[in-house]
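Colleague: Read in order, the letters of the sequence shown are residues -19 to -1, 1 to 172 in mature numbering (1 follows the signal peptide of the UniProt record, and there is no 0). Just so you know, even glycine gets a beta-carbon here, dropped at the ideal spot from N, CA and C. Computed from a predicted model, the values in this text were never measured in an experiment. Before we start, here is the structure in question, set down as structure tokens.
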Amino acid sequence: MLGRRTAATLLLWWRQIFCRENALERIDLVHSSMERIEINLRAKTVARRSVSGRSLDFAVINPAYVGKKTKYIYAAEGGRSSSRAGLAKIDLSLCTPNSDDCVVASRLYGPGCYGGEPFFVAREPNNPAAEEDDGYLVTYVHNENTEESKFLVMDAKSPNLEIVASVKLPQRVPYGFHGLFVTEDDLNKLQ
């Protein structure tokens, strides 16, 4: 869950899972949706709206914006059943009660290719003047047709989340594997 608060309102972005049947019996019918939820504390009302018709899950932001107002969310985009076939970039400034789709960039991995949770890595982590989306999205992708796995690095600013590096992995990384990016400075602080 991501969000921010003013004196009278709480604004949240939340993942909602819809399933037409029992999720344990028919996982292929699961659909994850990112929702904008506005809670008006004075009027005591709640308004909910989907930010896209796409199946989105595993949302992340630039870690430098945790606890601050953020403009972008990056989420894994659904494919068959619960598999993630791509990534989407959501512009929260476009998520108004009247908007239909706030996705401003996306990338599909290709036929038979499914990925995991994305992670945002700043291009210059120590640059306070850097734009919020100036960085990379990294994730693992497995090709079920060739049984090959890759580590992908995508440009978070580009309109199609352009792949800037692809590293073939010697072993498959299981779906659902969560990641964390640690800078050299962070590692040095541990010593």
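What does the Cβ neighbour count give for R23, buried or exposed, with the cut at 16 atoms within 10 Å?
Modeller: Its Cβ having fewer than 16 others within 10 Å, R23 is exposed.
Colleague: Is the Cβ-Cβ distance between D114 and K25 less than 9 Å?
Modeller: No, they are not a contact pair.
Colleague: For V145, tell me which candidate among D82, M135 and A86 has the shortest Cα-Cα distance.
Modeller: Out of D82, M135 and A86, M135 has the C-alpha closest to the C-alpha of V145.
Colleague: Per DSSP, A45 forms a beta bridge with which residues?
Modeller: Paired residue(s): none; A45 is not in a bridge.
Colleague: For the alpha helix (DSSP H) holding K170, just list the boundary residues, first then last.
Modeller: Unbroken alpha helix (DSSP H) run through K170: E165 to K170.
Colleague: At 3 residues or longer, and completely inside the region 91 to 145: list those beta strand (DSSP E) runs for me, N to C.
Modeller: Taking only runs of at least 3 residues, the beta strand (DSSP E) segments lying wholly in the region 91 to 145 are 94 to 96, 100 to 103, 116 to 124 and 129 to 136.
Colleague: Of all the options E19, S87 and E129, which has the alpha carbon lying nearest to the alpha carbon of P151?
Modeller: Cα-wise, what sits closest to P151 is E129.
Colleague: Buried or exposed for E98, going by 16 or more other Cβ atoms inside 10 Å?
Modeller: E98 should be labelled buried.
Colleague: Using a threshold of 9 Å, state whether the C-beta atoms of S31 and E16 are closer than that.
Modeller: Contact flag set, yes.
Colleague: What's the call for A137, buried or exposed, on a 16-neighbour Cβ count within 10 Å?
Modeller: Counting Cβ neighbours within 10 Å, A137 comes out buried, since at least 16 surround it.
Colleague: According to DSSP, is S33 helix, strand or coil?
Modeller: Note: S33 maps to coil in three-state DSSP.
Colleague: For D72, report the span of its beta strand (DSSP E) as first-last.
Modeller: R65 to D72 is the extent of the beta strand (DSSP E) around D72.
Colleague: Is L75 helix, strand or coil by DSSP?
Modeller: Here L75 sits in helix by DSSP.
Colleague: With a threshold of 7 Å on Cβ separation, who are the neighbours of D82 within its own chain once the five nearest residues in sequence on each side are excluded?
Modeller: Once the five neighbours on either side are set aside, the close Cβ partners of D82 are S33 and G34.
Colleague: Going straight from the alpha carbon of N108 to that of A45, what length do you get?
Modeller: Going from the Cα of N108 to the Cα of A45 covers about 11 Å.
Colleague: Cutting at 7 Å between CB atoms, please list the residues of its own chain near residue 176, excluding the five before and the five after it.
Modeller: A query on residue 176 cannot be resolved here, the shown segment of the chain reaching from -19 to 172 and no further.
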